[in-house]
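Numbering (UniProt numbering), first residue to last: 1 to 163.
(1) For residue 155, write down the residues that DSSP places opposite it in a beta bridge.
(2) Which residue's Cα is closest to the Cα of residue 103: 75, 19 and 67?
(3) Distance, Cα to Cα, residue 49 vs residue 161?
(4) Would you call the segment 120-139 and the segment 73-91 in contact, with 3 or more CB pairs under 8 angstroms?
(5) Am I right that residue 14 and residue 69 are in contact with their C-beta atoms under 8 angstroms? What's the rounded C-beta distance?
(6) Are the Cβ atoms of residue 58 and residue 6 separated by less than 9 angstroms?
(7) Between residue 22 and residue 91, is the Cβ-Cβ spacing less than 9 angstroms?
(8) DSSP on residue 59, reduced to helix/strand/coil?
(9) Could you tell me which whole beta strand (DSSP E) segments of length 3 or greater appear in the segment 34-122?
(10) Between which two residues does the alpha helix (DSSP H) containing residue 15 stretch?
(11) By how many angstroms is the C-alpha of residue 99 removed from the C-alpha of residue 16?
(12) Where do the N-terminal and C-terminal ends of the beta strand (DSSP E) with residue 3 fall, by residue?
(13) Would you report the Cα separation of residue 80 and residue 156, rounded to the nearest angstrom?
(14) What's the C-alpha gap between residue 95 and residue 51?
(15) Do residue 110 and residue 56 have their C-beta atoms within less than 9 angstroms of each other?
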C-alpha cells in the first residue's frame, strides 16, 4: 500500500534526507545530481513549489504503509493537456511494487484531478525495471531516443478524462 502526497513545503527535510540516503543508489540508473543540488536544496524545493502553484508541474512524494517517504513521482512540463512522468524509488523500497502502484495512482490523478489527456515518459533501454513499470501501467513504447548519449525509449499513455 502506497500513498501519494502532493509536494508541500513541510516535505523538504524528509525529501532531502531521502535524496541523500539514495544518492549512490540512484547513480546506478541515472546521472548524479551533483553536490550543488544538495547545497541549494532549500531554494530548489521552493522553486518546485512555485512551479506547482503555477500548474506547470505536479510533484508528489510516495509514502509507504508506515508513512515513510520512499520515493517521488512527478508530472513535469505540463502543456496542452500532456505532461512527462518521472519517478524514483529508494533502494530499501525497490522491488516491492511501489513504483508500479505509485505510477498507477499518478495516472489516475493526472486525468481526474489535473485534467491531463496524455502522459509521456523516457527511460534507458538497460533499465528494465523502469520499462516494466511503464508497461504495466499502460504506457506504450513509441520510439527510440538518447539521454545524455545513452540509448533510451520514449513512452506514451493516453488518459481518459474523468467527468
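For every residue, glycine included, the Cβ atom is placed at its ideal position computed from N, Cα and C.
Computed from a predicted structure; not experimentally measured.
Taking the geometry as given:
(1) 121 and 141
(2) 75
(3) 25 angstroms
(4) yes
(5) 5 angstroms
(6) yes
(7) yes
(8) DSSP places residue 59 in the strand class (E or B) of the three-state scheme.
(9) 58-63, 69-79 and 82-89
(10) 12-21
(11) Roughly 19 angstroms between the two C-alpha positions.
(12) 3-6
(13) 15 angstroms
(14) 31 angstroms
(15) Going by C-beta atoms, residue 110 is not nearer than 9 angstroms to residue 56.
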